[in-house]
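S.K.: In our numbering, the protein residues as written are 233 to 454.
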Amino acid sequence: MMGMGGGLIFVPLLIQIFPKIGIHHAIATSTCFVAFSAISSYLSHSSTYAAMKETLLWIFSGSIIGAILGPHIALIIPEGILSKLFTLVVALPFIMRQLKISVPEKPWILSISGLLIGMLSSIFGIGGGVVLMPLLTQVFHKDIRYSITTSTLFIVINSSIATAAYTFSGVVEWRIILFAAPAGILGARLGAKISHKTPPIMLNAGIVVVDILIIIKMLSVG
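1) Kindly list the residues whose CB is nearer than 7 angstroms to the CB of residue 277, restricted to its own chain and excluding five residues on each side of it in sequence; keep chain order.
2) In three-state DSSP terms, what is residue 286?
3) Quick one, are the C-beta atoms of residue 401 and residue 307 less than 8 angstroms apart?
4) Quick check on residue 430: does DSSP put it in helix, strand or coil?
5) Please state whether DSSP places residue 244 in a helix, a strand or coil.
6) Where does residue 233 sit, in a helix, a strand or coil, going by DSSP?
7) Which runs of the alpha helix (DSSP H) at least 4 residues long sit entirely within the stretch 400 to 424? Give them in chain order.
8) Quick check on this structure: which residue in 426, 332 and 358 has the alpha carbon closest to the alpha carbon of residue 245?
9) For the alpha helix (DSSP H) containing residue 369, list its first residue and its last residue.
10) Could you tell me which of 373, 349 and 422 sits nearest to residue 391, measuring between CA atoms?
11) I'd like to know whether the C-beta atoms of residue 291 and residue 345 end up nearer to each other than 8 angstroms.
12) Counting Cβ pairs, one atom from each stretch, are 3 or more of them under 8 angstroms apart for the stretch 415 to 433 and the stretch 268 to 276?
13) Could you have a look at residue 374 and say whether DSSP puts it in helix, strand or coil?
14) In this structure, does DSSP put residue 360 in helix, strand or coil?
15) Considering only the alpha carbon of each residue, which of 444, 264 and 431 lies closest to residue 406?
16) For residue 311, report the span of its alpha helix (DSSP H) as first-last.
17) Which residues in the same chain have their Cβ closer than 8 angstroms to the Cβ of residue 388, if we skip the five residues on either side of it in sequence?
18) Please check the pair residue 262 and residue 239, which I expect to be a contact at CB under 8 angstroms, by giving their CB distance rounded to whole angstroms.
19) How about residue 284 and residue 374: are their beta carbons less than 8 angstroms apart?
20) Go to residue 274, then tell me how far its alpha helix (DSSP H) extends in each direction, as first and last residue.
21) Report yes or no: do the stretch 409 to 417 and the stretch 328 to 342 share at least 3 C-beta pairs separated by less than 8 angstroms?
22) Between residue 440 and residue 326, which are expected to be in contact by the criterion C-beta below 8 angstroms, what is the C-beta distance as a whole number of angstroms?
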């Protein structure tokens with residue numbers, strides 16, 4: 233619905249339901265879940281609003297490296313510290329919206345942004361949309377509907393690369409994916425339909441509300 237990927241909700245949910253799997257396994261599993269749901273979301277959104285391909289190309293040029301490095305970094309960070317850092321990452325887009333930053337859309341800026349987003353998303357299993365969306369809409373002033381499509385396509389590729397890295401490390405809980413992925417695919421299609429009928433101002437407000445709720449939740453977990 234909002235082009236955020238769903239990982240920022242899925243990770244705390246897994247920790248709540250399956251506290252014994254640990255945050256490393258929750259993040260790896262979330263990365264895989266997000267990849268499945270983002271495919272469904274992109275197919276739904278792209279039929280109405282196209283992805284901004286030139287912008288996305290430069291972002292991908294940096295994010296691929298970040299997606300490969302991220303899982304290796306995540307697995308060496310202690311769980312307690314990783315939980316706190318997750319909260320900071322969720323707060324980052326909220327902070328970006330308050331600063332009202334405006335940056336020129338230059339290839340090297342997009343590439344560096346992609347590297348950072350790719351790394352953050354694969355480290356924390358959030359898909360990357362939670363950071364990419366405010367970057368596109370608040371920093372580069374792109375239309376929110378085209379930004380959502382662009383974000384979901386970014387999430388598909390970035391999360392797929394990160395999932396491969398986590399799979400080799402053996403921390404993806406495939407039993408959870410077996411049940412969660414089909415539901416995520418269905419939910420993504422429904423969310424896309426709702427998004428197309430929702431005014432942009434309400435979509436922006438919804439993103440802010442979700443950010444705040446997840447920050448509160450992760451602080452309580454920590």
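Glycine residues also receive a C-beta, built at the ideal position from the N, C-alpha and C atoms.
M.R.: With the structure as the only source:
1) Sequence index remark: in the sequence shown, residue 277 carries index 45 (1-based). Excluding positions up to five away in sequence, the list reads 380, 381, 384 and 424.
2) Taking the first residue of the sequence shown as 1, we reach residue 286 at position 54. Of the three classes helix, strand and coil, the one that applies to residue 286 here is helix, per DSSP.
3) In the sequence shown, the residue the question calls residue 401 occupies position 169. In the sequence shown, the residue the question calls residue 307 occupies position 75. Yes, the pair counts as a contact, with Cβ atoms nearer than the cut-off.
4) Mapped onto the sequence shown, residue 430 falls at position 198. Coil, per DSSP.
5) As a first step, residue 244 must be located in the sequence shown, where it is residue number 12. Helix, per DSSP.
6) Indexing the sequence shown from 1 puts residue 233 at position 1. Three-state result, residue 233: coil.
7) none
8) As a first step, residue 245 is located in the sequence shown; it is residue number 13 there, counting from the start. Nearest option by C-alpha distance: 358.
9) As a working mapping, residue 369 is identified with position 137 in the sequence shown. From DSSP, residue 369 is part of no alpha helix (DSSP H); its letter is neither H nor E.
10) One-based indexing of the sequence shown puts residue 391 at position 159. Selected option, being the one with the closest Cα: 349.
11) Here residue 291 is taken as the residue at index 59 of the sequence shown, counted from 1. Here residue 345 is taken as the residue at index 113 of the sequence shown, counted from 1. Yes; because the gap between Cβ atoms is below 8 angstroms, this pair is in contact.
12) yes
13) One-based indexing of the sequence shown puts residue 374 at position 142. Of the three classes helix, strand and coil, the one that applies to residue 374 here is coil, per DSSP.
14) Reading the sequence shown from its first residue, position 128 is the one you call residue 360. In this structure, residue 360 counts as coil in the three-state DSSP scheme.
15) By 1-based counting over the sequence shown, the position of residue 406 is 174. Ranking the options by Cα distance to residue 406, first place goes to 264.
16) If you number the sequence shown from 1, residue 311 lands on position 79. Per DSSP, residue 311 belongs to the alpha helix (DSSP H) from 311 to 331.
17) Taking the sequence shown and counting its residues from 1, the one referred to as residue 388 is at position 156. The answer, listed in chain order, is 267, 270, 271 and 274.
18) As a position in the sequence shown, residue 262 is number 30, starting the count at 1. As a position in the sequence shown, residue 239 is number 7, starting the count at 1. At roughly 5 angstroms, the Cβ-Cβ gap stays under 8 angstroms, so residue 262 and residue 239 are in contact.
19) Translated into the one-based positions of the sequence shown, residue 284 becomes position 52. Translated into the one-based positions of the sequence shown, residue 374 becomes position 142. Yes, the pair counts as a contact, with Cβ atoms nearer than the cut-off.
20) For this step, residue 274 is matched to residue 42 along the sequence shown. Run containing residue 274: 254 to 278, per the alpha helix (DSSP H) assignment.
21) no
22) As a working note, residue 440 is residue 208 in the sequence shown. As a working note, residue 326 is residue 94 in the sequence shown. The pair is a contact, with the Cβ atoms about 7 angstroms apart (cut-off 8 angstroms).
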